[in-house]
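If you read the sequences in order, they're chains H and D. Sequential numbering from 6 applies to the first sequence in the working numbering. Sequential numbering from 6 applies to the second sequence in the working numbering.
2 protein chains.
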Amino acid sequence: MIVQKYKDMLSGKSVIRQLSEFATARGAEIGYENVFDYSLGNPSVPAPQAFTDRLLHLLATKEPIELHGYSPSLGITSVREAIAASLRERFGLPFETRHIFMASGAAGALAHAFRLVTQPGDEILTFAPFFPEYHPYVDLTGAVLKVVPPQTEDFQINFEAFEAMIGEKTMAVLINTPNNPSGVVYSKETLERLAQVLGEKSKELGHDIFLISDEPYREILFEGETYPCPCTFYDNSIMCYSFSKSLSVPGERIGYLAVNPACQGSGDLVNMCGQISRGIGHNCPPSIIQLAVAHVLDQTADISVYERNRNILYRELTDLGFTCVKPGGTFYIFPKALEEDAKEFCQKALKYDLILVPGDTFGAPGYFRMAYCIETEKVERSLEALRKFVREEYGR
Amino acid sequence: MIVQKYKDMLSGKSVIRQLSEFATARGAEIGYENVFDYSLGNPSVPAPQAFTDRLLHLLATKEPIELHGYSPSLGITSVREAIAASLRERFGLPFETRHIFMASGAAGALAHAFRLVTQPGDEILTFAPFFPEYHPYVDLTGAVLKVVPPQTEDFQINFEAFEAMIGEKTMAVLINTPNNPSGVVYSKETLERLAQVLGEKSKELGHDIFLISDEPYREILFEGETYPCPCTFYDNSIMCYSFSKSLSVPGERIGYLAVNPACQGSGDLVNMCGQISRGIGHNCPPSIIQLAVAHVLDQTADISVYERNRNILYRELTDLGFTCVKPGGTFYIFPKALEEDAKEFCQKALKYDLILVPGDTFGAPGYFRMAYCIETEKVERSLEALRKFVREEYGR
């Protein structure tokens, strides 16, 4: 019989998707260039030329049988080696090939990470504001996602609430730094304290609590920021990475899972990913894309546009009196709405062709997200609409 | 805690994998060209030039942001349209875009199909001989794979055993034609009778039994053969296709799931696949590969080598007195071993550097598989080893 669980999901349309569709429809009326669409987190700058060049080189020089042949189930060995070397160099942890599992983007990596350390009924804790897709990602494994309420002053971790929520069933904690939707980078202090709490609670409960670090925005970091790598703070940790944002190749489905070399069972975990894959039908990212990214591991697309946009929006929003934590990276900003109900606020903004996403979706009601991965020229043009919106609706 | 289920799977190494590793190790000793490695089902002919040319064209002409951008979760619309049109033309069923879901090869398509129509505890029936990966594919969903014993005279369906095994929990039947490992194409008569049984049993049990048709070898069909398309015989059917074998691109992870337009719930099933994807971390095949295959849908690699190899091996095997059903397609042949225990038989063959896979793995003890996706020249050279093996070990 057709499985009702998935059928029931069809009626619930994501708010972000609805807003994006509204933007497209409105664009058909007035020209999309006149819709200030801050709804979607799609990279807006091209992939680096070196990526394209590598694809061309591979097509020109490699035998098709080899180039398009099966990847070993854990990923192409030379690619895993290159990633391990890059991570060693970058973060100082002794990653080896055997710690790296190639995955179809961060979604694929997370699907494996959840299954490595949780069974149906187990709990994974995450922190608001959070990427809303974590709900189906986790819930459909049979595990339960529990969301720790936000610490709105700085969008670091609300430790009081967090500690109170850890229980017998807590098997993993899922973090996302730099964060979608807040743009905030977790500080060294936050990660130190997180590691301390996880260590203590693991002892207390008599089972290890794993840290799963979802870090697709790691390379989009603004001036003056450093990236404290979560895995360097806590041994029982699993890094989930995607090249989608840093290389602007979200459609090519490429990323990896890296097991902390000091993690309990680290010798088995990557091999276990190969077994998990058989059940979920995930048989490696595409060979040609694996080979191409291996060549540009330490490059990014020209992501400077995101910092320019952040600067423009942060200045304007604070000038207009918005309460707003300054993003340290990503292409998101997450200000407080000018009325309690952010859904109302975002609804009113539509009249000004401003497409903003209410924070309720991210577990932080009263806030809203702007995804500023759009042309700077459009950001600049949107400011007049933003001022008008605030003036007419809120008298500021 | 680290999940034991996947850890336990690590100790069970696939027989095919072990044999393939033996062949590689032996090749290091005596030169791989002297190892008659019939273990692996990897395409041995290059992808068609038109596929490479299309990739080059896409890289040269499309904006990288668009080319490497997110695919919609069901697949790129123009690609789905092209596939629907090709299937309409080919099989005469009224496929539309909404019936097509792009998947990462047949493994991805099957992972979705199983979840569409079964829940944990439900049963899926398949027919020996069968592709052994069906076990982890199905078992890890929580459903149970039950294997109907083979009809060894012709490797069509053993209907008596089949009907006896259908019960309350049977929600789907999984077929693979042309078949790995037998190379047999299910006849029109087989598929008619299968449809009749499924229809009757669905009525009797009061729930629909779905037919899931795994057909990655559909295009590798030998002279004089036609391909009766399973979906044209039974409404409640789901086609799972991969371009891996027909285009020789197994590493690029591209295929699709097509819902029979007459299938119960056909309007929802593809959308439900989009929901299933969120839970299993499968977020579409790579964009650039989707666009490239759309251009070569009705082409194949030069697969004539497989037919030449089939002819050589079939003639030699029957001359040597093997009982053997003549393959109608694929690049496999599945003769009866010369002693009861095919594992013993294959073990002895290793002395002659012949790498054969015992049929036990495929649910048909007493038989063995040869994957003849290798150079014809090597097939020819292997005949002397085959003759010597049969003479020295079995006095024939």
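Where is the CB? At the ideal position from N, CA and C, for every residue including glycine.
query	result
Helix, strand or coil for Asn-276(D), going by three-state DSSP, please let me know.	helix
With a threshold of 16 other CB atoms inside 10 Å of the CB of Lys-193(H), please say whether the residue is buried or exposed.	exposed
If you draw a straight line from the alpha carbon of Glu-71(H) to that of Ala-297(D), how long is it in whole angstroms?	18 Å
Which residue or residues does DSSP assign as beta-bridge partners of Ala-108(D)?	Gly-260(D)
Output needed for Lys-383(H): all residues of its chain with C-beta closer than 8 Å, excluding positions within five of it in sequence on either side, in chain order.	Glu-38, Phe-41
Closer than 8 Å by beta-carbon distance: list the chain H residues that pair up with Asn-265(D), in chain order.	Within 8 Å Cβ-Cβ: nothing; Asn-265(D) doesn't reach chain H, min ~13 Å.
Is Lys-67(H) close to chain D, meaning its C-beta is less than 7 Å from at least one C-beta of that chain?	no
Do we get a CB-CB distance below 7 Å when we pair Asn-276(H) with the residues of chain D?	yes
Tell me the start and end of each unbroken alpha helix (DSSP H) in the stretch 17-87 of chain H that is at least 4 residues and wholly inside, in chain order.	20-35, 54-66, 69-72
Counting only beta-carbon separations shorter than 7 Å, does Asp-58(H) have a partner in chain D?	no
Quick check: what's the CA-CA separation for Gln-21(H) versus Leu-45(H)?	One point to set straight first is that residue 21(H) is Ile, not Gln, in the sequence displayed. Cα-Cα distance, rounded: 7 Å.
If you measure beta-carbon to beta-carbon, which residues of the stretch 20-43 of chain H are closer than 8 Å to chain D?	none
Say whether chain D places a C-beta atom closer than 7 Å to the C-beta of Lys-250(H).	no
Kindly identify the DSSP beta-bridge partner or partners of Phe-171(D).	It should be noted that the sequence gives Ile, not Phe, for residue 171(D). Its beta-bridge partners do not exist; DSSP assigns none.
Measure the C-alpha to C-alpha separation of Leu-302(H) and Thr-131(H) and round it to an integer number of angstroms.	28 Å
Helix, strand or coil: which one does DSSP assign to Ala-376(D)?	strand
Are the C-beta of Pro-2(D) and some C-beta of chain H separated by less than 7 Å?	Only positions 6 to 401 of chain D appear in the structure, and residue 2(D) is not among them; the question remains open.
Classify Ala-267(D) as helix, strand or coil using the three-state DSSP reduction.	coil
By how many angstroms is the C-alpha of Pro-363(D) removed from the C-alpha of Leu-24(D)?	10 Å
Where in the stretch 318-398 of chain D do unbroken runs of the beta strand (DSSP E), each at least 3 residues long, occur, reported from the N-terminal end onward?	373-376
Which parts of the stretch 125-189 of chain H are runs of the alpha helix (DSSP H), unbroken and 4 residues or longer, counting only runs that do not cross its ends?	139-144, 164-170
Using a cut-off of 9 Å between C-beta atoms, extract the partners of His-62(H) located in chain B.	Absent from the structure is chain B; the protein chains it does hold are H and D.
Going by C-alpha to C-alpha distance, which of Ala-30(H), Asn-163(H), Val-50(H) sits closest to Val-310(H)?	Val-50(H)
In chain D, which residues lie with their C-beta within 9 Å of the C-beta of Leu-15(H)?	Asp-273, Asn-276, Met-277, Gly-279, Gln-280
Using a Cβ-Cβ cut-off of 6 Å (strictly less than) and excluding sequence neighbours within five positions of Arg-59(D), which residues of its own chain qualify?	Ala-297, His-300
Go ahead and pull the three-state DSSP assignment for Ile-281(D).	helix
Have a look at Tyr-142(D) and Gly-284(H) and give me their C-alpha separation to the nearest angstrom.	5 Å
Based on the DSSP secondary-structure assignment, which residues constitute the bridge partners of Ile-293(H)?	Partner(s): none; Ile-293(H) has no beta bridge.
Please confirm if Gly-260(H) has its CB atom under 7 Å from at least one CB of chain D.	no
Three-state secondary structure (DSSP) at Met-244(H)?	strand
Would you tell me roughly how many angstroms separate the C-alpha atoms of Ala-89(H) and Arg-95(H), rounded to the nearest one?	10 Å
Closer than 8 Å by C-beta to Glu-228(H): which residues in its own chain qualify, once you throw out the five before and the five after it? Chain order, please.	Glu-312
Is it right to say Asp-324(H) is buried, meaning 16 or more other beta carbons lie within 10 angstroms of its own, or is it exposed?	exposed
Once you ignore the five residues that flank Asp-358(D) on each side, which residues in its own chain have a CB closer than 8 Å to its CB?	Arg-31, Ile-35, Asn-39, Val-40, Phe-41, Ala-390
What is the rounded straight-line gap between the Cα of Asp-346(H) and the Cα of Lys-10(H)?	31 Å
Let me confirm a value: Glu-68(H) is counted as buried when at least 16 other C-beta atoms fall within 10 Å, else exposed. Which label applies?	exposed
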